[in-house]
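Novice: One structure is given below, represented as structure tokens, and several questions about it will come after.
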Amino acid sequence: MALSSFYPVLATTQIAESRDFYTRWFGFEITFEADWYVSLRRPGTDGEPTYELALLDPTHPTIPAGYGKPVQGIVLNFEVDNVDTEWERLVVTGGLKAELELRTEDFGQRHFIITDPSGVLIDVITEVPPTLEFAPQFTQETDTPTAATN
1 MALSSFYPVL ATTQIAESRD FYTRWFGFEI TFEADWYVSL RRPGTDGEPT
51 YELALLDPTH PTIPAGYGKP VQGIVLNFEV DNVDTEWERL VVTGGLKAEL
101 ELRTEDFGQR HFIITDPSGV LIDVITEVPP TLEFAPQFTQ ETDTPTAATN
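Counting in UniProt numbering, the sequence shown runs from 1 upward without gaps.
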């Protein structure tokens, strides 16, 4: 199969609020907008890939019968160069509520979690060296930071 694109589509009754959230806080741009669907793209720079995300009204007739429910139980990971800078920007200065405070995990992440207007969890992450306990669980193909010694 030749895959030309892949992106999540979040079913939400909060289309406008979610659009504003992703454009304001995460640099997405609107590529298509209707009252029932918004397509967003975050253009890559300096060799970065382009990222896409879409928002869809769950009551739209394009959704099969019985599936028209708002998004639930999803986490979007945003890996960044410096999670401490993003913590300052989004939570301390920006006033977004942290659902999980900034912390470092033994499995190799420093992160915090916020939510979008629909309740989607946004996990903002910087990879850090895992502890020696977790280091062997990474595959050789993974570009994992060297294990921490604690």
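Note that the Cβ used here is the ideal one computed from N, Cα and C, for glycine as well.
Remember, it's a predicted structure, so these values are computed and weren't measured experimentally.
Tell me where the beta strand (DSSP E) around valine 128 begins and ends.
Specialist: From DSSP, valine 128 is part of no beta strand (DSSP E); its letter is neither H nor E.
Novice: Measure the alpha-carbon distance for leucine 132 versus glutamate 101 and round it to whole angstroms.
Specialist: 24 angstroms
Novice: Ignore the nearest five residues each way along the sequence and tell me which others in isoleucine 104's own chain have a CB closer than 7 angstroms to its CB.
Specialist: Inspection of the sequence shows that residue 104 is occupied by threonine rather than by isoleucine. Here the set comprises Arg110 and Val128.
Novice: What are the boundary residues of the alpha helix (DSSP H) that includes isoleucine 15?
Specialist: Where isoleucine 15 is concerned, the enclosing alpha helix (DSSP H) stretches over 15–26.
Novice: Got a sec? Which residues, its chain only, sit under 6 angstroms from lysine 60 by beta carbon, not counting five neighbours each side?
Specialist: First, the residue type needs correcting, since residue 60 is histidine and not lysine in the sequence shown. Trp36, listed in sequence order.
Novice: Between valine 124 and isoleucine 74, what straight-line distance do the alpha-carbon atoms span, to the nearest angstrom?
Specialist: 14 angstroms
Novice: Here's the rule I'm using: 16 or more other beta-carbon atoms within 10 Å means buried, otherwise exposed. How should isoleucine 114 be labelled?
Specialist: Classification of isoleucine 114: buried, given that the 10 Å Cβ count is 16 or more.
Novice: So, are the CB atoms of leucine 55 and isoleucine 15 less than 7 angstroms apart?
Specialist: yes
Novice: Starting from the N-terminal side, write out each stretch of the beta strand (DSSP E) that is 3 residues or longer and does not extend beyond the segment 36–100.
Specialist: 37–42, 51–56 and 75–79
Novice: Since valine 71 and alanine 2 are thought to touch, with beta carbons under 8 angstroms apart, how far apart are those beta carbons, to the nearest angstrom?
Specialist: Beta-carbon to beta-carbon, valine 71 and alanine 2 are separated by about 28 angstroms, too far to satisfy the 8 angstroms threshold.
Novice: Check whether chain C comes within 7 angstroms of tryptophan 25, counting only Cβ atoms and requiring the distance to be less than that.
Specialist: In summary, chain C is missing from the structure at hand, where a single protein chain is found.
Novice: Can you check which of these residues, Ile122, Ser118, Asp106 and Leu121, is closest to proline 136 by C-alpha distance?
Specialist: Minimum Cα distance to proline 136 is reached at Asp106.
Novice: If you draw a straight line from the C-alpha of aspartate 112 to the C-alpha of proline 58, how long is it?
Specialist: For the record, residue 112 in the displayed sequence is phenylalanine; it is not aspartate. Between phenylalanine 112 and proline 58, the C-alpha separation is close to 28 angstroms.
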